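My numbering puts the first residue of the sequence shown at 9, with every later residue one more than the last.
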Amino acid sequence: MPLNITNSETNGTSVVTLDGRIVLGDEGDALREKLKNLIAEGKKQIVVNMKLIKSIDSAGLGTLFAAHLNANAEGASLKLCNLGSRFQEVLHTTRLATVFQVCNTEAAAIKSFSH
């Protein structure tokens with residue numbers, strides 16, 4: 009199952025919507041490139057909508073973590089939204105819940121940038 013990545017802009021925030029799985033290989037590579045390119049273009053507010061993610065492996069977590077570090081290094085902010093309960097559990101188990109800014113909805117994530 010390939011990872012479909014769509015990108016839109018709302019109130020100056022780049023919203024990256026993912027559909028599929030974030031795993032080692034082409035899927036993770038495509039996501040890494042997409043996020044890297046947005047940051048290189050000077051996007052400072054990025055929301056990753058995880059609503060349609062079916063699964064994620066350790067390489068996928070690594071991809072998101074690397075994107076988070078890259079965003080911080082460039083003065084940008086990356087937030088996750090619409091995490092399923094299973095993915096929230098994985099973030100807590102791996103202690104990555106303290107690393108990522110997580111919002112319940114896409115609208116809440118976008119709004120959080122204006123505070």
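Here a beta-carbon is modelled for each residue, glycine too, at the ideal position from N, C-alpha and C. These figures come from a predicted structure and were not determined experimentally.
_Buried/exposed call for G33, threshold 16 Cβ in 10 Å_ = exposed
*For S22 and L46, believed in contact at Cβ under 8 Å, the rounded distance*: 5 Å
*asked:* I need the DSSP call for S122, collapsed to helix, strand or coil.
replied: coil
*Limits of the unbroken alpha helix (DSSP H) element including T21*: Here T21 belongs to no alpha helix (DSSP H); instead the beta strand (DSSP E) covers T21 to I30.
*Measuring alpha carbon to alpha carbon, tell me which of E49, I30 and L39 ends up nearest G20.*
E49
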